[in-house]
């Protein structure tokens, strides 16, 4: 059966008085619910420079978690997360639209686990990494103007890294009535660690150092504290948030006529 260990940590950083990041999770311990729904981890970073970023991030994550708990048993996670992020986008947009229009937006990254699969949905530049055998792999792709320009060949990798606009989002939750959601589906293995984080962490701390901190600290809370300390030491100008999920065991499955079956 799927067995995971989890911790999360958020910090306002060294400069900002208010923390506009918001984190949440659904982690059932009953085996029946793990098989029917799985577990969910979500992290949002309220867009800086806009009003009520802390409200946008909270509304997005709470909408996502509520929809996950209420989902039909066995609903495929790819379709479910796509639908739930769209619903969260509507919630944030309408919250900002109530009364006088308030520009309100947030990034959002979510990871749902069931059996031996992880489905990652994201909008914006909060990231998900998969660390396997000490080697990190970025699962998400930043939705920033600079990253889009680099992908199209308009900017070189060096120009993109040095650009003063590298944090300007090309996509966010709540900015418009509809949003395009990126979905990634990966197989997970025993010993894998999944890392969800805001740009307050992955900006100053490269993925190699994130992986090292996780591998050198078997205790997940200690690893999270080390990562936040590194981000504050190297920058700390932004809020810093991280979720760490260590996979202790998985349930290998296949699909037959839309139904999962256990592989022995």
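In our numbering, the protein residues as written are 127 to 390. Don't be surprised by glycine CBs; every beta carbon is placed ideally from N, CA and C.
Alpha-carbon spacing of residue i relative to residue j, whole angstroms
i           : j           : result
residue 234 : residue 181 : 13 Å
residue 294 : residue 372 : 31 Å
residue 146 : residue 363 : 13 Å
residue 144 : residue 138 : 6 Å
residue 376 : residue 316 : 6 Å
residue 352 : residue 330 : 13 Å
residue 365 : residue 173 : 11 Å
residue 159 : residue 130 : 14 Å
residue 370 : residue 281 : 33 Å
residue 161 : residue 141 : 43 Å
residue 201 : residue 360 : 42 Å
Nearest candidate by alpha-carbon position, reference residue i, set the options
i           : options            : result
residue 191 : 222, 204, 153      : 153
residue 248 : 140, 212, 345      : 212
residue 318 : 221, 150, 239      : 239
residue 237 : 345, 379, 132      : 132
residue 313 : 258, 280, 198, 136 : 258
residue 178 : 168, 197, 221, 358 : 221
residue 214 : 168, 254, 198      : 168
residue 253 : 270, 193, 243, 197 : 270
Residue i burial status per 10 Å Cβ neighbour count (16 or more: buried)
i           : result
residue 302 : exposed
residue 195 : exposed
residue 336 : buried
residue 157 : exposed
Beta-carbon separation (whole angstroms), residue i vs residue j, contact threshold 8 Å
i           : j           : result
residue 266 : residue 246 : 6 Å
residue 231 : residue 300 : 4 Å
residue 368 : residue 134 : 7 Å
residue 151 : residue 166 : 6 Å
residue 171 : residue 296 : Going by Cβ atoms, the distance from residue 171 to residue 296 rounds to 15 Å, so no, they are not a contact pair.
residue 260 : residue 127 : With 8 Å as the limit, residue 260 and residue 127 do not qualify as a contact, their Cβ atoms being about 26 Å apart.
Identified DSSP bridge partners for residue i
i           : result
residue 180 : Beta-bridge pairing links residue 180 to no other residue.
residue 367 : 136
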